[in-house]
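K.L.:
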Amino acid sequence: MVKAPKNIAVIGATGSIGTQTLDIINNHPELYHASVIAAGSRVDDLIRLALIHRPALAVIADQSKYTTLHEALSPLGIATACGDQALCEAVCRPDVDMVVTATVGYSGLAPTIAAIKADKDIALANKETLVVAGQYITDLLSHSKSKVYPVDSEHSAIYQCLQGENHSDVSRLIITASGGPFRTWSAEQIAKATASDALRHPNWSMGAKITIDSASMMNKAFEIIEAKWLFGFDADKIVAVVHPQSIVHSMVEFNDGAIKAQLGLPDMKLPIAYALGEGQRLAGAEKQLSIADFATLTFERPDPSRFPCLSLAHEALTSGGNSACIINAANEIAVASFLNGRIGFGDIYRVIERTLSTIDHIAAPDYEDYVSTNREARKFASSIC
Ligand code: NAD
Ligand code: MG
Numbered sequence: 110m111v112k113a114p115k116n117i118a119v120i121g122a123t124g125s126i127g128t129q130t131l132d133i134i135n136n137h138p139e140l141y142h143a144s145v146i147a148a149g150s151r152v153d154d155l156i157r158l159a160l161i162h163r164p165a166l167a168v169i170a171d172q173s174k175y176t177t178l179h180e181a182l183s184p185l186g187i188a189t190a191c192g193d194q195a196l197c198e199a200v201c202r203p204d205v206d207m208v209v210t211a212t213v214g215y216s217g218l219a220p221t222i223a224a225i226k227a228d229k230d231i232a233l234a235n236k237e238t239l240v241v242a243g244q245y246i247t248d249l250l251s252h253s254k255s256k257v258y259p260v261d262s263e264h265s266a267i268y269q270c271l272q273g274e275n276h277s278d279v280s281r282l283i284i285t286a287s288g289g290p291f292r293t294w295s296a297e298q299i300a301k302a303t304a305s306d307a308l309r310h311p312n313w314s315m316g317a318k319i320t321i322d323s324a325s326m327m328n329k330a331f332e333i334i335e336a337k338w339l340f341g342f343d344a345d346k347i348v349a350v351v352h353p354q355s356i357v358h359s360m361v362e363f364n365d366g367a368i369k370a371q372l373g374l375p376d377m378k379l380p381i382a383y384a385l386g387e388g389q390r391l392a393g394a395e396k397q398l399s400i401a402d403f404a405t406l407t408f409e410r411p412d413p414s415r416f417p418c419l420s421l422a423h424e425a426l427t428s429g430g431n432s433a434c435i436i437n438a439a440n441e442i443a444v445a446s447f448l449n450g451r452i453g454f455g456d457i458y459r460v461i462e463r464t465l466s467t468i469d470h471i472a473a474p475d476y477e478d479y480v481s482t483n484r485e486a487r488k489f490a491s492s493i494c
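Shown next as structure tokens:
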């Protein structure tokens with residue numbers, strides 16, 4: 110670890126990952142200080158968090174909320190800013206040692222790029238960054254001093270299993286999936302699922318977007334793509350297996366037949382703390398897994414006929430270029446439209462598939478190509494929703 114307390118910028122501070130990160134920071138003032146906190150539009154929550162954590166700077170992406178933020182925090186000597194550009198500048202401040210990217214969707218891309226260009230270490234929760242622009246981010250990282258520590262529980266598990274191992278000995282990464290609320294539902298039932306059905310995740314409490322992605326298994330497709338870019342293995346070495354108890358967070362299989370796994374309760378605090386600690390463990394877990402209480406751990410093959418979004422991972426990685434960026438943009442629009450009641454659950458996959466076959470493929474996109482692909486794909490997906 111560089112120094113203590115380490116200054117952390119929490120981008121997406123008001124969300125599920127953001128608030129859990131701030132809880133860990135608050136419980137360990139000897140190790141961490143939240144020097145920057147940022148959110149999308151929930152200004153009251155951001156102000157409340159600023160009063161507790163006393164950051165040097167609070168940023169709100171939604172410019173219409175700026176006056177409220179400024180009037181509440183400037184008497185306390187907390188600097189304030191607004192807008193997407195301010196978010197990118199905030200992560201580059203000289204006093205920031207590590208950036209936690211906990212915003213949702215495409216909004217994570219620009220601040221992550223800014224952080225990498227400024228050589229900042231990153232605790233990466235925003236998986237969409239690597240889904241949208243995995244090759245571009247990987248190239249940027251190869252020219253930067255910044256290191257990426259996964260926050261996603263599956264990727265944290267794989268990261269832990271790979272410690273002390275040679276990558277050439279790995280035969281497969283096995284990513285576990287809970288199967289979501291529709292694991293045992295028929296295709297007909299799934300097609301007619303309501304938003305409240307889809308928001309009822311059996312094991313994890315998370316933001317709305319990732320909860321819907323878990324129900325469609327788009328989240329698992331994204332995690333396969335995320336694993337490819339984080340760990341540098343070919344797509345055919347990365348598989349998903351359904352594990353309804355969410356105790357085994359993922360596994361690595363080696364070419365001598367050994368399989369290593371990381372187990373724990375479904376609680377994001379562990380992977381968040383492991384990322385903040387750059388792979389050093391933080392003692393004092395609130396709850397320990399009592400393995401005898403989980404005498405039955407089961408595993409099943411996923412069913413792509415009921416969860417077609419899962420197949421999009423290997424499709425995107427095979428075609429490469431801007432394919433995953435198109436899928437991500439169409440999915441964001443489809444999920445928002447589903448939550449607004451404009452399309453059915455079964456339509457989410459159809460919107461993604463139609464958008465993917467409509468938007469031009471770009472084999473080697475640069476940053477501007479990702480921006481325009483995201484814009485065009487969202488426009489088309491919105492038009493058919
Ligand atoms: P959430 O919806 O609970 O929170 C999202 C946060 O991002 C909020 O603070 C919101 O204000 C902020 N935000 C939204 N749009 C923004 C914008 N345009 N600019 C700046 N900030 C913006 O989401 P979450 O569940 O915490 O998920 C965050 C990320 O972490 C996602 O990429 C998700 O896939 C990933 N993740 C979450 C979990 C989990 O348990 N929640 C687990 C693994 C990975
Ligand atoms: Mg995950």
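When you line the sequence shown up against this note's numbering, it's residues 110 to 494, in that order. Cβ coordinates follow ideal geometry from the N, Cα and C atoms, glycine included. Just so it is clear, the structure is predicted and the values come from calculations on it, not from any experiment.
#1: Smallest Cα separation from L233: which of E395, E441, E335?
#2: Is DSSP giving P474 helix, strand or coil here?
#3: If I measure Cβ to Cβ from S481 and keep anything under 8 Å in the same chain, skipping five residues before and after, which residues do I get?
#4: Please work out which residues of its chain come closer than 8 Å, Cβ to Cβ, to I156, disregarding the five sequence neighbours upstream and downstream, and give them in chain order.
#5: So if I measure from each beta-carbon to every heavy atom of the ligand MG and keep distances below 6 Å, which residues remain?
#6: Using 8 Å as the cut-off, can you tell me whether the region 239-246 makes contact with the region 138-158, which would need three or more C-beta pairs spanning the two stretches below that distance?
#7: By how many angstroms is the C-alpha of A438 removed from the C-alpha of G450?
#8: Output yes or no for whether 7 Å exceeds the beta carbon distance between H162 and A147.
#9: Can you grab the Cα-Cα spacing for the pair N431 / Y479, in whole Å?
#10: Measure the CB-CB distance between A317 and F454 and report whether it falls below 7 Å.
#11: Look at the alpha carbon of W313 and the alpha carbon of S305, and state the distance between them as a whole number of angstroms.
#12: Helix, strand or coil, according to DSSP, for H276 in the structure here?
#13: Going by C-alpha distance, which of L185, I436, A384, P380 is nearest V208?
#14: What would DSSP say about E462, mapped onto helix, strand or coil?
#15: How would you label P417, buried or exposed, when you count the other beta carbons within 10 angstroms and need 16 or more for buried?
#16: Quick one: is K396 buried, meaning 16 or more other Cβ sit within 10 Å of its Cβ, or exposed?
#17: If you draw a straight line from the C-alpha of D206 to the C-alpha of I117, how long is it?
#18: Where Q269 and S173 are concerned, what is the direct C-alpha to C-alpha distance, given to the nearest angstrom?
#19: Mind checking N328: buried by the 16 CB within 10 Å criterion, or exposed?
#20: Run the CB neighbour count on N364, radius 10 Å, all protein chains shown included, and call it buried at 16 or more, exposed below.
#21: Between the alpha carbons of F199 and V145, how many angstroms are there, rounded?
#22: Who are the Cβ neighbours of A370 in its own chain at under 6 Å, not counting the five residues just before and after it?
#23: Which residue or residues does DSSP assign as beta-bridge partners of D230?
#24: Using only the alpha-carbon positions, how far apart do I435 and V257 sit?
#25: So who's on the other strand from Y258, going by DSSP bridges?
#26: How long is the line joining the alpha carbons of M110 and T293, rounded to whole angstroms?
#27: For E485, which three-state DSSP category applies?
#28: Which residues does DSSP pair with A167 in a beta bridge?
#29: Could you tell me the boundaries of the beta strand (DSSP E) in which A349 lies?
#30: Following a CB-centred definition, is N440 positioned closer than 6 Å to any heavy atom of the ligand NAD?
#31: Going by alpha carbons, who is nearest to F340 out of T285, N275, S323?
#32: If you check the beta carbons only, do I225 and S253 fall under 7 Å apart?
#33: Taking C-beta to C-beta, are I120 and T210 nearer than 7 Å?
#34: Can you determine whether any heavy atom of the ligand NAD sits closer than 6 Å to the C-beta of I319, and answer yes or no?
#35: Could you check whether the region 453-471 touches the region 342-353, counting it as contact only if at least three pairs of C-beta atoms, one from each stretch, sit closer than 8 Å?
#36: Hey, could you find the ends of the alpha helix (DSSP H) I74 is sitting in?
P.N.:
If we stick to the structure as given:
#1: E335
#2: coil
#3: none
#4: Around I156, the same chain offers A167, T177, L178, A181, L182 as residues with beta carbons nearer than 8 Å, after the five sequence neighbours per side are excluded.
#5: D261, S262, E263, E332
#6: The region 239-246 is not in contact with the region 138-158.
#7: Cα to Cα, the separation comes out at about 18 Å.
#8: no
#9: 7 Å
#10: no
#11: 15 Å
#12: helix
#13: Distances from the alpha-carbon of V208 to those of L185, I436, A384, P380 put A384 closest.
#14: helix
#15: buried
#16: exposed
#17: 6 Å
#18: 42 Å
#19: buried
#20: exposed
#21: The amino acid at residue 199 is misidentified as Phe; the sequence shows Ala. Between A199 and V145, the C-alpha separation is close to 7 Å.
#22: Annotation for A370: V357, M360 place their beta carbon closer than 6 Å to its own, counting only its chain and skipping 5 residues before and after.
#23: M207
#24: 24 Å
#25: A232
#26: With a pLDDT of only 49 at M110, under 50, the local geometry of the prediction cannot be trusted, and the value read off the model is given with reservation. Using only the alpha carbons, I get a separation of about 45 Å.
#27: helix
#28: I146, T189
#29: 347-351
#30: no
#31: In terms of CA proximity to F340, N275 leads the group T285, N275, S323.
#32: yes
#33: yes
#34: yes
#35: no
#36: Any property of residue 74 remains undetermined from this structure, which presents the chain solely from 110 to 494.
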